[in-house]
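Trainee: In my numbering, the protein residues as written are 38 to 467.
1. Using DSSP's beta-bridge definition, name the partner residues of residue 373.
2. Determine the direct distance from the alpha carbon of residue 287 to that of residue 320, and round the result to whole angstroms.
3. In this structure, how does DSSP classify residue 203 when only helix, strand and coil are distinguished?
4. Using only CA atoms, which one of 144, 255, 285, 102 lies nearest to residue 377?
5. Taking residue 139 as part of the beta strand (DSSP E), name the residues at either end of that continuous run.
6. Relative to the C-alpha of residue 230, which residue among 174, 175, 356 is closest?
7. Assign residue 363 to one of two classes, buried (16 or more other C-beta atoms within 10 Å of its C-beta) or exposed (fewer than that).
8. Which partner residues does residue 352 have in the DSSP bridge list?
9. Can you tell me where the alpha helix (DSSP H) with residue 128 in it begins and where it stops?
10. In whole angstroms, what separates the C-alpha of residue 209 from that of residue 161?
11. Take the Cβ of residue 253 as the centre, count every other Cβ of all protein chains shown within 10 Å, and call the residue buried at 16 or more, exposed below.
12. Count the other CB atoms, across all protein chains shown, that sit within 10 Å of the CB of residue 403; report buried if there are 16 or more and exposed otherwise.
13. What's the C-alpha gap between residue 75 and residue 326?
14. I believe residue 372 touches residue 307 by the beta-carbon criterion, under 8 angstroms. Please report the beta-carbon distance rounded to the nearest angstrom.
15. Residues bridged to residue 187 by DSSP?
16. Are the CB atoms of residue 182 and residue 226 within a distance shorter than 8 angstroms?
17. Under DSSP, the beta strand (DSSP E) around residue 77 begins and ends at which residues?
18. Using only the alpha-carbon positions, how far apart do residue 89 and residue 106 sit?
19. Quick check on residue 134: does DSSP put it in helix, strand or coil?
20. What residues in its chain sit with their C-beta under 6 angstroms from that of residue 190, if we drop five residues either side in the sequence?
21. Under the rule that 16 or more other beta-carbon atoms within 10 Å means buried, what is residue 43, buried or exposed?
22. In whole angstroms, give me the CA-to-CA distance for residue 118 and residue 374.
23. Ordered along the chain, which non-local residues of its own chain (more than five positions away) have a Cβ less than 7 angstroms from that of residue 96?
24. Is residue 97 helix, strand or coil when you go by DSSP?
25. Report buried or exposed for residue 178, applying the criterion of at least 16 other Cβ atoms within 10 angstroms of its Cβ.
26. Say whether the stretch 147 to 154 touches the stretch 188 to 203, bearing in mind that this needs 3 or more beta-carbon pairs closer than 8 angstroms, one atom from each stretch.
27. Could you check the C-alpha separation between residue 471 and residue 127 for me, to the nearest Å?
28. Classify residue 78: buried if its beta carbon has 16 or more other beta carbons within 10 angstroms, exposed otherwise.
29. Sorted by chain position, which residues of the same chain lie with C-beta nearer than 8 angstroms to residue 369's C-beta, five sequence neighbours on each side aside?
30. Mapping the DSSP letters down to three states, classify residue 260 as helix, strand or coil.
31. So, residue 138 versus residue 73, is the Cβ gap smaller than 8 angstroms?
32. Spatial neighbours of residue 123 within its chain, please: C-beta separation below 8 angstroms, excluding the five flanking residues on both sides.
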């Protein structure tokens, strides 16, 4: 049902491993990160996954936006960015319409801030999200930016309504049309809400109406959702991941055994497990993967990740500005679509493997300076999978920069195996 393409799928994987694309996906993540009406821990998983994809050379993280009001949310975003060694710009919602929810944040938000350092501790230290959106988009190449929206659509509404400024002479709508290739949105239920009774009514990101949100706050959130869906430029692809997809893929529990206690991603999930045991214990695997899957799709596309684009859903999405219920309106082919779950197991493995991936350049066992290659000028990063005995990735990160380059020289991993260039990936030979 899409007229134009968005993020490209990677090359066909070999043994579950694929080479990063020649050009990383330019990614913006827009999240509520455990605060506001739709608070959960899967936002943490989504942002950690985005950094892991950047470590693999598959994505370049341009900015992270907070789309709810609680001040500490920006601090958690900063903790995760800092942990992965990236100084990614952070933008924060500056509106006043979504202040009410009880509690304001989940327990892990404060726990992460107490346990980990970060340059930004609250949203007062962050840039206005709409200003940062305009700045980042203005500097981008045409049709080069992908946005993963995994919370309320408040910032995106503000962007679309924004006027020309010092960053760009274009209106918000025209700026999006010129610079954005894909908007991946975790919002709604498909083909319509409410789904069967066990799923409740409207989906939270679409309505902003859970966790005791006031009527005024819910109206602000639902109004933003409706506005974005109705006013998003028709030339820019918009794909929705519905509640029913993420609810059937549980991820994150693996962090308890695969990650160190110094990992804030692990810390947040384990805190949620302890403080929200009823929700955690509903099924094995951790928490539903609404936000990680949306972000994974934004970078890799649907193919090979247990997802697929709906192939018989020409038309557009509609979200009610009063109440946030949505329905797919059949019609002509458009640049809108929604995702279907093909394999929960494949999707779970894709997310969990990225959550468990060591950090490039920071986890010592997986990084070495190769003086025989370049005199020690750069960090040669490789991710060695002990289970499969394969080098999953190999590229260079220059000092004092986030730039990375996929390279073809042979190096040796910590186990003495040789990584050599293959047709599309690096295979390891003992």
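Idealized CB from N, CA, C, for every residue including glycine.
Mentor: For this structure:
1. Taking the chain shown and counting its residues from 1, one reaches residue 373 at position 336. Checking the DSSP bridge columns, you'll see residue 373 partnered with 275.
2. Translated into positions along the chain shown, residue 320 becomes position 283. Translated into positions along the chain shown, residue 287 becomes position 250. Between residue 320 and residue 287, the C-alpha separation is close to 8 angstroms.
3. As a position in the chain shown, residue 203 is number 166, starting the count at 1. DSSP places residue 203 outside both helix and strand once states are collapsed to three, so it counts as coil.
4. Here residue 377 refers to the residue found at position 340 of the chain shown. Residue 285 is the option with its Cα nearest to residue 377.
5. For this step, residue 139 is matched to residue 102 along the chain shown. For residue 139, no beta strand (DSSP E) segment is defined, and its DSSP state is neither H nor E.
6. Stepping through the chain shown from its first residue, residue 230 is reached at position 193. The shortest Cα separation from residue 230 among 174, 175, 356 belongs to 356.
7. As a working mapping, residue 363 is identified with position 326 in the chain shown. Taking all protein chains in view, the Cβ of residue 363 is crowded by 16 or more other Cβ atoms within 10 Å, so the residue is classified as buried.
8. In the chain shown, the residue the question calls residue 352 occupies position 315. Looking at the DSSP output, residue 352 shares a beta bridge with 367.
9. Taking the chain shown and counting its residues from 1, one reaches residue 128 at position 91. The continuous stretches of alpha helix (DSSP H) do not include residue 128, which lies in the beta strand (DSSP E) extending over residues 127 to 129.
10. Taking the first residue of the chain shown as 1, we reach residue 209 at position 172. Taking the first residue of the chain shown as 1, we reach residue 161 at position 124. For residue 209 and residue 161, the distance between alpha carbons rounds to 24 angstroms.
11. The residue labelled residue 253 in the question sits at position 216 within the chain shown. Around the beta carbon of residue 253, fewer than 16 other beta carbons lie within 10 angstroms, which makes this residue exposed.
12. Counting from one through the chain shown, the residue named residue 403 turns up at place 366. Here residue 403 scores only 42 on pLDDT, less than 50, and its place in the model is too uncertain to base an answer on.
13. Taking the first residue of the chain shown as position 1, residue 75 is located at position 38. Taking the first residue of the chain shown as position 1, residue 326 is located at position 289. Annotation: residue 75 to residue 326 spans about 14 angstroms, alpha carbon to alpha carbon.
14. Against the chain shown, residue 372 aligns to sequence position 335. Against the chain shown, residue 307 aligns to sequence position 270. Contact check for residue 372 and residue 307: beta-carbon distance about 40 angstroms, past the 8 angstroms limit, so the pair fails to qualify.
15. Position 150 of the chain shown, counting from 1, holds the residue named residue 187. According to DSSP, which records beta bridges pairwise, residue 187 is partnered with 68.
16. For the purposes of this step, residue 226 is taken as the residue at position 189 of the chain shown. For the purposes of this step, residue 182 is taken as the residue at position 145 of the chain shown. No, the Cβ-Cβ distance between residue 226 and residue 182 is not below 8 angstroms.
17. As a position in the chain shown, residue 77 is number 40, starting the count at 1. That residue, residue 77, is in no beta strand (DSSP E); it is neither H nor E in DSSP.
18. As a working mapping, residue 89 is identified with position 52 in the chain shown. As a working mapping, residue 106 is identified with position 69 in the chain shown. Their backbone Cα atoms lie some 27 angstroms apart in a straight line.
19. On the chain shown, residue 134 is found 97 positions in, with the first residue counted as 1. Coil.
20. Position 153 of the chain shown, counted from the start, is the residue given in the question as residue 190. Cβ neighbours of residue 190 beyond the five flanking positions: 261, 262, 265.
21. Within the chain shown, numbered from 1, the residue matching residue 43 stands at position 6. Note that residue 43 scores a pLDDT of 31, beneath 50, so its modelled location is shaky; the value from the coordinates is reported in the next line. When all chains shown are included, residue 43 counts as buried.
22. In the chain shown, counting from the first residue as 1, residue 118 sits at position 81. In the chain shown, counting from the first residue as 1, residue 374 sits at position 337. Approximately 31 angstroms between the Cα atoms of the pair.
23. Numbered from its first residue, the chain shown carries residue 96 at position 59. Correct list, in chain order: 61, 62, 64, 87, 90, 336.
24. Within the chain shown, residue 97 is the residue found at index 60, counting from 1. In the structure shown, residue 97 adopts extended strand secondary structure according to DSSP, grouped into three states.
25. Locating residue 178 in the chain shown gives position 141, where the first residue counts as 1. With fewer than 16 Cβ atoms within 10 Å of its Cβ, residue 178 is classed as exposed.
26. No, the stretch 147 to 154 is not in contact with the stretch 188 to 203.
27. As shown, the chain starts at 38 and ends at 467. That puts residue 471 outside it, with no answer to give.
28. By one-based count along the chain shown, residue 78 stands at place 41. Buried, since its Cβ has 16 or more Cβ neighbours within 10 Å.
29. Here residue 369 refers to the residue found at position 332 when the chain shown is read from its first residue. Hits under 8 angstroms: 351, 352.
30. For the purposes of this step, residue 260 is taken as residue 223 along the chain shown, with counting starting at 1. Three-state result, residue 260: helix.
31. Against the chain shown, residue 138 aligns to sequence position 101. Against the chain shown, residue 73 aligns to sequence position 36. In this structure, residue 73 lies closer than 8 angstroms to residue 138 by Cβ.
32. Here the question's residue 123 lines up with position 86 in the chain shown. If the five residues before and after residue 123 are omitted, its C-beta is found closer than 8 angstroms to the C-beta atoms of 88, 91, 98, 439, all from its own chain and listed in chain order.
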